[in-house]
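This report refers to the structure that appears directly beneath it.
2 protein chains.
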Amino acid sequence: MTEKISVEKKVLSENDKLAADIRGQLKQRGLVALNFVSSPGSGKTSLLEKTLSALKHELRVGLIAGDVQTENDANRLKAAGGTIVQPIVTGGACHLDAKMITRVLPEIALDKIDLLLIENVGNLVCPSSYDLGEDMKVVLISTTEGDDKPLKYPGMFRRSSVMVINKIDLLGTSDFDMKRVKENARRINSELKVFEVSCRTGQGLDAWFHWLKSLVAAQH
Amino acid sequence: MTEKISVEKKVLSENDKLAADIRGQLKQRGLVALNFVSSPGSGKTSLLEKTLSALKHELRVGLIAGDVQTENDANRLKAAGGTIVQPIVTGGACHLDAKMITRVLPEIALDKIDLLLIENVGNLVCPSSYDLGEDMKVVLISTTEGDDKPLKYPGMFRRSSVMVINKIDLLGTSDFDMKRVKENARRINSELKVFEVSCRTGQGLDAWFHWLKSLVAAQH
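Just so you know, the sequences run in chain order D and V.
Taking this note's numbering, the leading residue of the first sequence gets 58, the next gets one more, and so forth.
Taking this note's numbering, the leading residue of the second sequence gets 58, the next gets one more, and so forth.
Structure follows, in structure tokens:
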């Protein structure tokens, strides 16, 4: 196991170097970059579709859509009006890493965008360890998943700056308690900014769009 | 990367040896063992709670509840009437492995149980590579997750023998299509046995319980 751990450390330290380099490139252009993480099925692609549709006439958005197999998500995002959508198929790997981002970054015209949104692989564990050079991680959780998730997957909630609670239209169909999920999340990370949304009904999305625009505006 | 891959291969081959040893121990006692895998929040613990409550007077069930942090799941399963519930807290690792099972197996009185149920870490990617010595993997998916999950996480659906579709009481609240999820799953694995259940309403659970009992009966 010692050998495995030392290789992991080496991989992570190489990843951090590449991520710092990516961060430098993005900063130089005044670009905001967000890394979206969650369980499979929490609604990362739905949130990105809605975001793209709402903001495409106001902001220039670039997207990187990571997936284990298939380019389904990238295709959905292109259909939602994405002009710069770059798929990454990890081919089995359980997370995106900085090397994968470095490889596709030349495909994205960084001087033509204001905001870079990266959709990670659906996984609440592994992506938390890999810095992609983003400004912050946004963790999604949905009301159908159980309000104990922040306690059970603390690494991800600790390393995220924002928590988006999706599927609030389904509140009441399970024992999910909105107050409890926030308490659980803030026990792990007292600084978490929280949005409550339904990508299906649109509820709460305006506050999310407004915040994204203010993030970009703060760079200019 | 070559170094990383060779270490991974070595880890997996050591895991397979330990898993074969576990499988031998279980077979010798005529025990059936199932490894439950899914995204976080699909309802693994709920399904195990219901299963335990329903079968505890007919079958002697042992449970291993894996989690990244917390013993929440193990505590829920004890409260549901589990007499043999062994938690494994992986402390950050994204999957259970055979070494963790080997370590806790002496805590479980194998000659006092008929059925061993292992709840893996919530993760649709990594646990697929780690044989725990089980007879089969049972993959859960819930109707709130999206019917494309089998295509997006094919490794898990390929290596599972059974797919339990949970939260059927919420059908109609999203675009999830029951026919399509089965087609998608069977494109990956034509042999998958499918159960449709709601742990909340109890719908479909009888067929699941019946199948578990027939599995155990077949060993005697």
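Where a beta carbon is used, it is the ideal one built from N, C-alpha and C, also for glycine.
Residue i at chain D interface by Cβ criterion, 8 Å
i                : result
Leu181 (chain V) : yes
Cys256 (chain V) : no
Gln126 (chain V) : yes
Glu202 (chain V) : yes
Lys113 (chain V) : no
Asn132 (chain V) : no
Asp205 (chain V) : yes
Asn129 (chain V) : yes
Tyr187 (chain V) : no
Gly81 (chain V)  : no
Lys209 (chain V) : yes
Lys148 (chain V) : Just to set this straight, residue 148 (chain V) is Gly in the shown sequence, not Lys. With 8 Å as the cut-off, Gly148 (chain V) does not count as an interface residue toward chain D.
Val68 (chain V)  : yes
Rounded C-alpha distance that separates residue i from residue j
i                : j                : result
Lys113 (chain D) : Pro207 (chain D) : 32 Å
Leu197 (chain V) : Ile141 (chain D) : 34 Å
Asn180 (chain D) : Pro163 (chain V) : 31 Å
Ala274 (chain V) : Leu104 (chain V) : 21 Å
Lys74 (chain D)  : Val64 (chain D)  : 16 Å
Gly100 (chain D) : Leu69 (chain D)  : 28 Å
Asn246 (chain D) : Cys183 (chain D) : 18 Å
Glu253 (chain D) : Phe93 (chain D)  : 16 Å
Ala137 (chain V) : Ser95 (chain D)  : 29 Å
Gly190 (chain D) : His152 (chain V) : 26 Å
Lys169 (chain V) : Asp78 (chain V)  : 19 Å
Trp265 (chain V) : Glu106 (chain V) : 13 Å
Lys61 (chain D)  : Met235 (chain D) : 40 Å
Asp130 (chain V) : Leu116 (chain D) : 44 Å
Ala263 (chain D) : Ser255 (chain V) : Sequence check: residue 263 (chain D) is Asp here, not Ala. One C-alpha to the other measures close to 33 Å.
Ala76 (chain D)  : Ile165 (chain V) : 45 Å
Glu71 (chain D)  : Met157 (chain D) : 13 Å
Lys66 (chain V)  : Ala150 (chain V) : 17 Å
Closest Cα partner of residue i within the set the options
i                : options                                   : result
Gly203 (chain D) : D:Arg80, D:Asp232, D:Asp226 and D:Pro184  : D:Asp232
Leu272 (chain D) : D:Ser218, D:Asp226 and D:Ile222           : D:Ser218
Gln126 (chain V) : V:Val146, V:Asp192, V:Asp263 and V:Gly261 : V:Val146
Ala111 (chain V) : V:Gly139, V:Glu128 and V:Lys61            : V:Gly139
Met193 (chain V) : V:Asn72, V:Arg80 and V:Ser255             : V:Arg80
Gly229 (chain D) : V:Tyr187, V:Ala166, V:Lys66 and V:Arg257  : V:Arg257
Pro97 (chain V)  : D:Val161, D:Lys209, D:Arg215 and D:Arg237 : D:Lys209
Asn132 (chain V) : V:Glu71, V:Thr102, V:Lys156 and V:Arg237  : V:Thr102
Asn223 (chain D) : D:Gly212, D:Gln260, D:Met157 and D:Lys66  : D:Gln260
Leu167 (chain V) : V:Trp268, V:His267 and V:Gln85            : V:Gln85
Pro144 (chain V) : V:Glu128, V:Ala155, V:Lys156 and V:Lys135 : V:Glu128
Glu187 (chain D) : D:Ala155, D:Ile165 and D:Val178           : One point to set straight first is that residue 187 (chain D) is Tyr, not Glu, in the sequence displayed. Out of D:Ala155, D:Ile165 and D:Val178, D:Ala155 has the C-alpha closest to the C-alpha of Tyr187 (chain D).
Thr159 (chain D) : D:Ser199, D:Gly148 and D:Leu83            : D:Leu83
Val161 (chain V) : V:Asp130, V:Gly123, V:Lys135 and V:Gly149 : V:Gly123
Leu269 (chain D) : D:Ile62, D:Leu109 and D:Lys236            : D:Leu109
Thr201 (chain V) : D:Asp130, D:Leu227, D:Glu176 and D:Asn177 : D:Leu227
Leu134 (chain D) : D:Val238, D:Ile175 and D:Asn72            : D:Ile175
Ile225 (chain D) : D:Ser199, D:His277 and D:His267           : D:Ser199
Same chain only: Cβ atoms within 6 Å of residue i, ignoring 5 sequence neighbours per side
i                : result
Leu173 (chain V) : Leu88, Ala90 and Gly119
Met220 (chain D) : Val196, Ala242, Leu249 and Val251
Ile185 (chain V) : The sequence shown places Ser at residue 185 (chain V), rather than the Ile named in the question. If we look at Ser185 (chain V) and ignore the five residues flanking it on each side, its Cβ neighbours are Gly212, Met213 and Arg216.
Val238 (chain V) : Asp204
7 Å CB neighbourhood of residue i in its chain, flanking five on each side removed
i                : result
Asp205 (chain V) : Asn241
Asn177 (chain V) : Asn92, Phe93, Val94, Gly123, His152, Leu153 and Pro184
Gln276 (chain V) : Gly87 and Val89
is_contact[residue i, chain V] using C-beta, thresh 8 Å
i                : result
Ser217 (chain D) : no
Ser110 (chain D) : no
Lys61 (chain D)  : yes
Pro97 (chain D)  : yes
Gly212 (chain D) : yes
Leu120 (chain D) : no
Thr230 (chain D) : yes
Leu227 (chain D) : yes
Opening and closing residue of the alpha helix (DSSP H) in which residue i lies
i                : result
Asp263 (chain D) : Leu262 to Ala274
Thr241 (chain D) : The residue asked about is misnamed: residue 241 (chain D) is Asn in this sequence, not Thr. Segment Met235 to Ile245, the alpha helix (DSSP H) holding Asn241 (chain D).
Pro207 (chain D) : Lys206 to Lys209
Ala131 (chain D) : Asn129 to Ala136
Lys156 (chain D) : Ala155 to Val161
Lys107 (chain D) : Lys101 to Leu112
Where the beta strand (DSSP E) through residue i begins and ends
i                : result
Ser199 (chain V) : Met193 to Ser199
Leu189 (chain D) : Note, Leu189 (chain D): premise wrong, no beta strand (DSSP E); not H, not E.
Lys250 (chain D) : Lys250 to Glu253
Val125 (chain V) : Per DSSP, Val125 (chain V) belongs to no beta strand (DSSP E) and is neither H nor E.
Val89 (chain V)  : Val89 to Val94
Pro97 (chain D)  : No beta strand (DSSP E) contains Pro97 (chain D), which DSSP labels as neither H nor E.
Glu176 (chain D) : Leu172 to Glu176
Asn279 (chain V) : Residue 279 (chain V) is absent from the structure shown; chain V starts at 58 and stops at 277.
Ile141 (chain D) : Ile141 to Val146
Amino acids of chain A, ordered along the chain, whose beta-carbon sits closer than 8 Å to that of residue i
i                : result
Ser199 (chain V) : Considering every chain present, this structure includes no chain A. Its protein chains are D and V.
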